[in-house]
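Contents: one structure, followed by commentary.
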Amino acid sequence: MQIIDHGGARIAALHDKKTGSWQYVVSDPVSRKCAIIDPVWDFDEKAAATSTRNADAILDYVKAEGLTVEWLLDTHPHAAHFSPAPFHN
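Everything in the sequence shown is counted per the working numbering, starting at 1 for the first residue and increasing by one.
So this is what it looks like as structure tokens:
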């Protein structure tokens, strides 16, 4: 995970090696509100099974930082993975 403090916002960037996807948590350090951007829902093609490894990592970060999720944004269709948007609610 990479953490960037930029222009009053904190950006946590999480990379999913399998899909090459970047997932972000952008937060306001004052209000403690955040947006989750482009989360990955893990899919194992061989087992035909999903898991929430990436989603859990994001939510663990949110909890550890004492953040409140206000927005969950999928910025585009994801050919490499499913969206875990329903899981985050």
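Cβ coordinates follow ideal geometry from the N, Cα and C atoms, glycine included.
Under the three-state DSSP convention, the category L67 falls into: coil
Residues that R10 bridges to, as DSSP identifies them: D5 and S27
Nearest to S31 (by Cα), restricted to the options E70, T75 and Y61: E70
Neighbourhood of K90 by C-beta, 6 Å cutoff - its chain only, sequence neighbours within 5 removed: The structure shown does not extend to residue 90, since the chain is modelled only from 1 to 89, so the question has no answer here.
Presumed contact (8 Å Cβ cut-off) between L67 and S21, rounded CB distance: Between S21 and L67 the Cβ distance is about 21 Å, and since that is not below 8 Å, they are no contact.
Paired residues, beta bridge with T50 - DSSP: F43
The beta strand (DSSP E) enclosing K33, as first and last residue numbers: K33 to I37
Status (buried if at least 16 other CB within 10 Å, exposed otherwise) for Q23: buried
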